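Q: Sending over a structure as structure tokens; questions will come in a sec.
Residue numbers (our numbering): 150 to 503.
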């Protein structure tokens, strides 16, 4: 989706039937793409896929290790057809290692990488949304990797394989925590550090209506402004980074935030540098004045969704077209590959394409 948003001509090779339900999440994640439905378990289908790889700059596959090779569309076969191809492979565990052939999901990858243990209250880890491994350490780092490899291919004339493992990406995202451990200022216990909810100036507080506000006053001047606006007296408390003062400051802040509703506090802190924000539901975020002013959310095909990001001073990133139906562009894509109408009809009649 990100590559399509940034202007790449993305073709999805779909199964003729089954697989992901296009009526669900793919209606957003497949925006801006073309779809060809091909049965890769047939020799003819494999040749279609290799023909696409021959014309492509980047190929991305998300099978378990070895599956693409068994289907005849692994790196060796594709790079033989297109020596400058960037072959991106995204998996949870990576292409090798003791776990590489086992099943897993985001929660498993962040557990092994150490991120899950660091999230939540002292009693137990809390399951985050699947943003850390799937989309952050996985998809977004794959984007970075294939674009870097594309620059290399244009420079050297040689393509290569990009192995994007979600465990690797998750580990990379925790670099600051490992730096803290090495430097002696990050503890491995949950909720013991200034960025994991232990510090009262970097946490979430309940309001009078049962909703919440987020406080992020890491710097002294921001904390001072927040406390001044709240009328919270910090006299008698030690330096903000001294954990001995945290329980009392948290008590004072919690008592104060419970005196007004979330939206009343949002209005109170709408300007200035107090670093206090309302905790919005996903559906509320689309209506926030700042998000609307920046057009951070847009409508595509009847679905409200995040707009393409980031933004560029010169390149125009257009409004993405809606997601295709399965196999919507099969005839168009095969025609682009040079197949005749008779050849396309034969592939369709034999069920190789849909």
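Glycine included, every Cβ here is placed at the ideal spot set by N, Cα and C. Quick caveat: nothing in here was measured; it's all calculated off a predicted structure.
Are residue 182 and residue 472 close, meaning C-beta to C-beta below 8 Å?
A: For residue 182 and residue 472, yes; Cβs fall inside 8 Å.
Q: Can you tell which of 314, 437, 336 and 230 has the C-alpha that lies nearest to the C-alpha of residue 416?
A: It is 437 whose Cα lies nearest to the Cα of residue 416.
Q: If you draw a straight line from the C-alpha of residue 205 to the C-alpha of residue 398, how long is it?
A: Rounded to the nearest angstrom, the two C-alpha atoms are 58 Å apart.
Q: Under 8 Å by Cβ, that's how I've got residue 308 and residue 302 pegged, so tell me the actual separation to the nearest angstrom.
A: Indeed they touch by this definition, with Cβ atoms about 5 Å apart.
Q: Who are the Cβ neighbours of residue 447 in its own chain at under 6 Å, not counting the five residues just before and after it?
A: So the qualifying residues of the chain are 456.
Q: Three or more C-beta pairs closer than 8 Å, one from the region 253 to 266 and one from the region 192 to 203: is that the case here?
A: Not touching, per the Cβ criterion.
Q: Is the beta carbon of residue 419 closer than 8 Å to that of residue 375?
A: Their beta carbons are not under 8 Å apart, which means residue 375 does not touch residue 419 by this criterion.
Q: What does a CB cutoff of less than 6 Å around residue 341 pick up in its chain, not counting 5 residues either side in sequence?
A: So the qualifying residues of the chain are 347.
Q: Would you kindly check if the distance between the Cβ of residue 180 and the Cβ of residue 469 is under 8 Å?
A: Going by C-beta atoms, residue 469 is nearer than 8 Å to residue 180.
Q: Which one or two residues does DSSP pair with residue 182 in a beta bridge?
A: DSSP lists 159 as partners of residue 182.
Q: Among residues of its own chain, excluding the 5 on either side of residue 291, which ones have a beta-carbon nearer than 6 Å to its beta-carbon?
A: Taken in chain order, the residues that qualify are 237, 239 and 313.
Q: What residue range is occupied by the uninterrupted alpha helix (DSSP H) comprising residue 330?
A: Run containing residue 330: 324 to 332, per the alpha helix (DSSP H) assignment.
Q: With DSSP run on the structure shown, which of helix, strand or coil describes residue 292?
A: Helix, per DSSP.
Q: Does DSSP classify residue 303 as helix, strand or coil?
A: In this structure, residue 303 counts as helix in the three-state DSSP scheme.
Q: To which residues does DSSP link residue 238 through a beta bridge?
A: Beta-bridge pairing links residue 238 to 210 and 312.
Q: Would you call the CB atoms of residue 235 and residue 311 closer than 8 Å?
A: Result yes, Cβ atoms of residue 235 and residue 311 sit closer than 8 Å.
Q: Should residue 281 be labelled buried (16 or more other beta-carbon atoms within 10 Å of its own) or exposed?
A: Buried, because 16 or more other Cβ atoms sit within 10 Å of the Cβ of residue 281.
Q: How do the region 347 to 358 and the region 391 to 408 stand: do at least 3 beta-carbon pairs fall below 8 Å, yes or no?
A: Verdict: yes, contact present.
Q: Spatial neighbours of residue 165 within its chain, please: CB distance less than 6 Å, with the 5 preceding and 5 following residues excluded, ordered by chain position.
A: Excluding residues within five positions, the ones whose Cβ falls inside 6 Å are 186, 188 and 503.
Q: Report the residue from 225, 265 and 215 whose alpha carbon sits nearest the alpha carbon of residue 249.
A: For the residues 225, 265 and 215, the minimum Cα distance to residue 249 belongs to 215.
Q: What are the boundary residues of the beta strand (DSSP E) that includes residue 352?
A: Unbroken beta strand (DSSP E) run through residue 352: 351 to 355.
Q: Less than 8 Å between C-beta atoms, sequence neighbours within five positions excluded: which residues of the same chain meet that for residue 193?
A: Closer than 8 Å at the Cβ level, and outside the excluded window around residue 193, lie 496, 499 and 501.
Q: Please report the distance separating the alpha-carbon of residue 326 from that of residue 392.
A: Answer to the nearest angstrom: the Cα atoms are 18 Å apart.
Q: Taking the beta strand (DSSP E) that residue 361 belongs to, which residues open and close that run?
A: Taken as a continuous stretch (DSSP letters only), the beta strand (DSSP E) holding residue 361 covers 361 to 365.
Q: Taking its Cβ as the centre, do 16 or more other Cβ atoms sit within 10 Å of residue 491, making it buried, or is it exposed?
A: Residue 491 is exposed by the Cβ-count criterion.
Q: Would you kindly report the start and end of the unbroken alpha helix (DSSP H) that includes residue 377?
A: First-last of the alpha helix (DSSP H) with residue 377: 369 to 379.
Q: What residues in its chain sit with their C-beta under 8 Å from that of residue 269, if we drop five residues either side in the sequence?
A: These residues qualify, in order along the chain: 275, 339 and 340.
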